[in-house]
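Chemist: Residue numbers (the working numbering), protein chains in the order written: chain D, 105 to 472; chain H, 5 to 156.
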Amino acid sequence: MAFKTEPVTINLGPQHPSTHGVFRLKVTFDGEQIVDAEPVIGYMHRGTEKLAEERSYVQIVTLTDRLDWVSSMTNNLAYVRTVEKLANIDVPIRARYLRVLCSELQRIASHLIATGFLMQELGTFGGTPLMYCFREREKILDMFEMLCGARITLSYMRPGGLVQDAPPEFWERLKIFQKEMPGYVDELESLISDNEVVLARTKNVGILSDRVAVDSSVTGPMLRASGVRWDLRKADPYEVYNSLHFEIPIGSVGDTFDRYFVRINEIRESIKIINQVVEQIPTGPIRTEIPYFFKPPIGNAYTSVEAPKGELGFYLVSDGGISPYRCHIRSPSFINLTVLKDLLVGSTMADLIVVFGSIDIVMGEVDR
Amino acid sequence: MTKILSTEYLTTILPDDLKKSVIDIADDCLYIPPQDVLKFAKFLRNDSRLQLESIISLTGVDYIEYFEIVYHIRSMIRNSSMIFATRIFDRSSPKLSSVVSVWRGAELQEREVFDLMGIEFENHPQMSRILLWEGFNGHPLRKDFEYIDLTD
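#1: Less than 8 Å between the C-beta atoms of K243(D) and F281(D), yes or no?
#2: Among F361(D), V318(D) and I377(D), which one has its Cα closest to the Cα of P286(D)?
#3: Could you check whether the Cβ of N83(H) sits closer than 8 Å to any Cβ belonging to chain D?
#4: So is E415(D) buried or exposed if we call it buried at 16+ other beta carbons inside 10 Å?
#5: Whole angstroms are fine: how far does the CA of P98(H) sit from the CA of F4(H)?
#6: In the DSSP assignment, find the beta strand (DSSP E) that holds G64(H) and state where it starts and stops.
#7: Tell me where the beta strand (DSSP E) around E410(D) begins and ends.
#8: Hey, K59(D) and T113(D): beta-carbon distance below 8 Å or not?
#9: G414(D) bridges to which residues according to DSSP?
#10: First and last residue of the beta strand (DSSP E) that includes P98(H)?
#11: Can you tell me where the beta strand (DSSP E) with F71(H) in it begins and where it stops?
#12: Leaving aside the five residues before and after H56(D) along the sequence, list all residues of the same chain whose C-beta is less than 7 Å from its C-beta, in chain order.
#13: Is the beta carbon of R367(D) sitting closer than 8 Å to the one on P325(D)?
#14: Apart from the five residues just before and just after G264(D), which ones in its own chain have a Cβ nearer than 6 Å to its Cβ?
#15: Taking CB distances under 8 Å as the criterion, tell me whether R108(H) reaches chain D.
#16: Less than 6 Å between C-beta atoms, sequence neighbours within five positions excluded: which residues of the same chain meet that for L216(D)?
#17: Quick check: P19(H) and F44(H), are their CB atoms within less than 8 Å of each other?
#18: Quick one: what does DSSP say M261(D) is sitting in, helix, strand or coil?
#19: At 7 Å on the CB atoms, spell out the chain D contacts of I59(H), in chain order.
#20: Determine the DSSP secondary structure at E124(H), reduced to helix, strand or coil.
#21: Along the chain, where does the alpha helix (DSSP H) that runs through F274(D) open and close?
#22: Going by the CB atoms, is the gap between F418(D) and A182(D) shorter than 8 Å?
#23: Considering only residues of the same chain and omitting the five flanking positions on each side of E114(H), which have a CB-CB separation below 7 Å?
#24: Grouping DSSP H, G and I as helix and E and B as strand, with all else coil, what is L129(D)?
#25: Does the pairing of the segment 287 to 306 of chain D with the segment 359 to 375 of chain D give three or more beta-carbon distances under 8 Å?
#26: How many whole angstroms separate the CB atoms of A329(D) and R363(D), which I take to be in contact at a CB cut-off of 8 Å?
#27: Below 7 Å between beta carbons is the criterion; list the residues of the segment 422 to 453 of chain D that meet it against any residue of chain H, in chain order.
#28: Checking contacts by CB at 8 Å: is Q55(H) closer than that to chain D?
#29: How many angstroms separate the CA atom of F398(D) from the CA atom of V195(D)?
#30: So, is the C-beta of H149(D) closer than 8 Å to a C-beta in chain H?
#31: Less than 8 Å between the C-beta atoms of K154(D) and L145(H), yes or no?
#32: Quick check on the burial criterion: 16 or more other C-beta atoms within 10 angstroms. Buried or exposed for E136(D)?
#33: Under 7 Å between beta-carbons, which chain H residues line up against W334(D)? List them in chain order, please.
#34: In terms of residues, what are the limits of the beta strand (DSSP E) holding I87(H)?
#35: When the Cα atoms are used, what is the spatial distance from R434(D) to I60(H)?
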């Protein structure tokens with residue numbers, strides 16, 4: 105007698121602890137195998153794009169903090185760069201260096217969160233790697249607090265430059281960070297990369313081929329893990345990235361392990377960039393004085409930066425008024441979800457959370 | 005640096021039937037009629053001189069007289085990008101052919117435009133609301149959207 109199973113549809117979320125926000129996943133199982141998966145999003149839709157139409161260009165900076173709340177610096181950067189392109193605002197060179205420095209610190213913080221929570225979802229060592237990651241991230245947040253007084257919602261950047269220069273204590277703390285961080289990354293990696301259990305759970309799980317990744321506009325560490333050497337910091341250098349030397353780490357298979365490994369190596373490259381920035385940074389002004397309410401000429405602009413999760417772009421349309429006519433956010437977390445079904449179909453129930461965790465999405469950015 | 009393909013270069017390599025359909029050129033943007041979007045997209049994707057294989061951003065702007073759908077396309081192999089746009093003048097039931105068959109990355113973005121701007125994409129695998137719930141009245145990113153009073 106042939107053994108017959110019936111497909112069962114279950115809901116993951118909307119309040120599941122590993123969904124990084126409010127996210128629902130409708131999964132259909134045939135036995136233990138996933139045959140269909142459909143993301144249901146929008147639980148955190150706050151209408152950022154509509155809100156932006158009624159605020160002045162400077163006020164919108166605070167809205168961008170709340171998109172991907174673990175990497176506010178790069179959100180600020182993407183937005184202010186678009187405004188600067190729209191209104192032809194020059195930025196002093198010291199501000200450009202500080203922006204790169206902040207972006208790289210933020211990238212480290214964001215990748216630490218991604219790695220820590222991936223390990224947490226694997227159930228490794230009762231949360232030890234997560235606490236290691238948070239310990240290091242805390243130091244970065246302390247440094248951000250010295251810069252602008254906030255830790256998460258930073259709003260440190262402004263069209264034309266930055267809010268204020270870094271205080272002397274910041275540089276002292278950064279020096280300690282530069283010295284200690286490489287050792288901590290090695291420590292974290294020694295916990296994870298050679299661990300039998302981690303390898304068994306992540307190798308060849310949730311494979312994303314380079315072809316599918318490029319077709320589906322996947323960007324960021326996910327794309328690079330699939331073996332595509334594409335990074336906007338190299339391909340279209342913004343701010344001062346063309347005077348800095350760093351490598352683009354890539355993966356070979358595109359599985360969950362590669363996605364983790366690319367992130368760890370990107371942390372190392374970010375430390376390299378920070379070291380160079382500290383050597384090269386000139387003295388000088390940090391902001392071009394522009395009025396609080398300014399009117400860019402009629403037109404539109406699109407610019408994007410390499411945020412920790414992928415390409416974050418802003419498309420602004422100006423009608424000559426004090427607030428944008430239209431503000432579109434191209435968020436990496438949202439578009440990376442296109443391939444979620446490809447990653448999950450064929451794998452088992454036990455791998456679902458691990459694969460989902462390796463995509464590294466933040467719901468504030470998905471729903472906007 | 006990513007090379008932004010100039011409109012002069014693009015108009016020289018377009019085949020004749022597509023060249024005729026270009027209605028307007030502004031800055032780096034080519035404007036094409038809505039019925040030619042899919043044909044145009046197929047050409048950009050498959051032409052060996054362009055190889056524009058992924059869609060960075062797809063969005064809609066409500067200019068009141070018309071809707072403008074803007075496509076930002078990129079080739080990672082050639083490190084080049086381009087912009088094209090189309091205008092839809094029908095406000096009661098705006099329709100456009102979907103480009104998901106050409107660039108799969110447009111799948112969620114087209115659903116978002118449908119949800120917030122109310123433009124229906126034909127031949128899309130799943131044309132339904134994505135951020136707002138089924139049964140929501142209206143499309144919030146339209147300029148004539150009336151705010152709902154939630155204070156009661």
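Glycine included, every Cβ here is placed at the ideal spot set by N, Cα and C.
Modeler: In short:
#1: The count along the first sequence starts at 1 and reaches residue 243(D) at position 139. The count along the first sequence starts at 1 and reaches residue 281(D) at position 177. Yes, Cβ-Cβ distance for K243(D) and F281(D) is below 8 Å.
#2: The count along the first sequence starts at 1 and reaches residue 286(D) at position 182. Closest option to P286(D), Cα to Cα, is I377(D).
#3: Mapped onto the second sequence, residue 83(H) falls at position 79. Residue contact check for N83(H) against chain D: a CB pair falls below 8 Å.
#4: Position 311 of the first sequence holds residue 415(D). Classification for E415(D): buried.
#5: Summary: the structure shown does not reach residue 4(H), with chain H confined to residues 5 through 156, and so no result is reported for it.
#6: Within the second sequence, residue 64(H) is the residue found at index 60, counting from 1. Where G64(H) is concerned, the enclosing beta strand (DSSP E) stretches over S58 to D66.
#7: Here the question's residue 410(D) lines up with position 306 in the first sequence. Run containing E410(D): G403 to A411, per the beta strand (DSSP E) assignment.
#8: Chain D is shown from 105 up to 472; residue 59(D) falls before or after that span and cannot be answered.
#9: Position 310 of the first sequence, counted from the start, is the residue given in the question as residue 414(D). A411(D), per the DSSP bridge assignment.
#10: Numbered from its first residue, the second sequence carries residue 98(H) at position 94. Taken as a continuous stretch (DSSP letters only), P98(H) belongs to no beta strand (DSSP E), as it is neither H nor E.
#11: The residue given as residue 71(H) occupies position 67 in the second sequence. Residues F71 to S79.
#12: Any answer about residue 56(D) is impossible in this case: the structure gives chain D only from 105 up to 472.
#13: Position 263 of the first sequence, counting from 1, holds the residue named residue 367(D). Position 221 of the first sequence, counting from 1, holds the residue named residue 325(D). Between R367(D) and P325(D), the gap from beta carbon to beta carbon is short of 8 Å.
#14: Stepping through the first sequence from its first residue, residue 264(D) is reached at position 160. These residues qualify, in order along the chain: I193, R391, T392 and I394.
#15: Here residue 108(H) corresponds to residue number 104 of the second sequence, with the count starting at 1. Closer than 8 Å: yes.
#16: As a first step, residue 216(D) must be located in the first sequence, where it is residue number 112. A distance below 6 Å between beta-carbons, with the five flanking residues on each side excluded, links L216(D) to the following residues of its chain, in chain order: C237, E240 and R241.
#17: Counted from its first residue, the second sequence places residue 19(H) at position 15. Counted from its first residue, the second sequence places residue 44(H) at position 40. In this structure, the beta-carbon distance from P19(H) to F44(H) does not fall below 8 Å.
#18: Start at 1 with the first residue of the first sequence, and residue 261(D) comes out as number 157. Collapsing the DSSP output to three states places M261(D) in a strand.
#19: Here residue 59(H) refers to the residue found at position 55 of the second sequence. Residues of chain D passing the Cβ test: S321.
#20: Position 120 of the second sequence, counted from the first residue, corresponds to residue 124(H). In this structure, E124(H) counts as strand in the three-state DSSP scheme.
#21: As a position in the first sequence, residue 274(D) is number 170, starting the count at 1. Here the alpha helix (DSSP H) through F274(D) covers P272 to I296.
#22: Working through the first sequence from its first residue, we reach residue 182(D) at position 78. Working through the first sequence from its first residue, we reach residue 418(D) at position 314. Cβ atoms of A182(D) and F418(D): closer than 8 Å.
#23: Counting from one through the second sequence, the residue named residue 114(H) turns up at place 110. Taken in chain order, the residues that qualify are L62, S102, V104, F125 and H128.
#24: Locating residue 129(D) in the first sequence gives position 25, where the first residue counts as 1. In this structure, DSSP gives L129(D) an extended state, which the three-state scheme calls strand.
#25: Taking a contact to require three or more Cβ pairs closer than 8 Å, the segment 287 to 306 of chain D and the segment 359 to 375 of chain D qualify as touching.
#26: The sequence position of residue 329(D) within the first sequence is 225, counting from 1. The sequence position of residue 363(D) within the first sequence is 259, counting from 1. Right, the Cβ-Cβ distance comes to about 4 Å (below 8 Å), so this counts as a contact.
#27: Hits within the stretch, in order: R430, H432, R434, F438, I439, L441 and T442.
#28: Walking along the second sequence from the start, residue 55(H) turns up at place 51. For Q55(H), no CB of chain D lies under 8 Å from its own CB, so it is not counted at the interface with that chain.
#29: Here residue 398(D) is taken as the residue at index 294 of the first sequence, counted from 1. Here residue 195(D) is taken as the residue at index 91 of the first sequence, counted from 1. Approximately 16 Å, taken between the alpha carbons.
#30: Position 45 of the first sequence, counting from 1, holds the residue named residue 149(D). With 8 Å as the cut-off, H149(D) counts as an interface residue toward chain H.
#31: Counting from one through the first sequence, the residue named residue 154(D) turns up at place 50. Counting from one through the second sequence, the residue named residue 145(H) turns up at place 141. Between K154(D) and L145(H), the C-beta spacing is below 8 Å.
#32: As a working mapping, residue 136(D) is identified with position 32 in the first sequence. Classification of E136(D): exposed, given that the 10 Å Cβ count is below 16.
#33: Taking the first residue of the first sequence as position 1, residue 334(D) is located at position 230. In chain order: M80.
#34: Numbered from its first residue, the second sequence carries residue 87(H) at position 83. Note, I87(H): beta strand (DSSP E), S84 to I92.
#35: Against the first sequence, residue 434(D) aligns to sequence position 330. Against the second sequence, residue 60(H) aligns to sequence position 56. About 8 Å.
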